[in-house]
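J.:
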Amino acid sequence: MATDAPPPSKADPRLPSTEQFVEVQESAEFAELRRSHRSFAFPLTVAFIAWYLLYVLLSNYAGDFMGTQVVGNINVALVLGLAQFLTTFLIAWWYSRYAAAKLDPKGEAIKSRLEGDA
Numbered sequence: 000m001a002t003d004a005p006p007p008s009k010a011d012p013r014l015p016s017t018e019q020f021v022e023v024q025e026s027a028e029f030a031e032l033r034r035s036h037r038s039f040a041f042p043l044t045v046a047f048i049a050w051y052l053l054y055v056l057l058s059n060y061a062g063d064f065m066g067t068q069v070v071g072n073i074n075v076a077l078v079l080g081l082a083q084f085l086t087t088f089l090i091a092w093w094y095s096r097y098a099a100a101k102l103d104p105k106g107e108a109i110k111s112r113l114e115g116d117a
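Using numbering that gives the first Met the number 0, the first residue of the sequence shown is number 0, and each one after it goes up by one.
1. Pop quiz: F29 and V23 are said to be a contact at Cβ under 8 Å. What is the actual Cβ separation, rounded to whole angstroms?
2. Please classify L32: is it buried, with 16 or more other beta-carbons within 10 angstroms of its beta-carbon, or exposed?
3. Below 8 Å, can you find three or more Cβ-Cβ pairs linking the region 49-64 to the region 89-109?
4. What are the residues that DSSP puts in a beta bridge with N59?
5. Flag this pair as yes or no: are the beta carbons of H36 and L113 separated by less than 7 Å?
6. Keeping to the same chain, check which residues put their C-beta closer than 7 Å to that of S38; ignore five residues upstream and five downstream.
7. In the DSSP assignment, what residue or residues form a beta bridge with N74?
8. With DSSP run on the structure shown, which of helix, strand or coil describes P15?
Given below as structure tokens:
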């Protein structure tokens, strides 16, 4: 299996100092990266947990509603249960796209500057 990558260096790479890490952590650029992540992840997390708890509460206290037949032997509980899986995958896909477009470039820029200074 041939690759175009150069062989690994024998010398240990220099790591940034603690002061450099702290400087980056306190920078406005890093704060913007954290804000971008939190403004996307926190609302979606709260929404999904609320959606999940709604499903659990409906399952416990609205048995007649959850037992309502939709088509054949498929009832509302089964449809909402499968929707839980669907929303999980949709959120993961959406976050992946968001991170690739918004978070990864900012993080990579911070990382390359930090490693370049080392």
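In this text, a Cβ means the ideal position worked out from N, Cα and C, and glycines have one as well.
T.: The structure says:
1. 6 Å
2. buried
3. no
4. Bridge partners of N59: none, in fact.
5. no
6. none
7. Q68
8. coil
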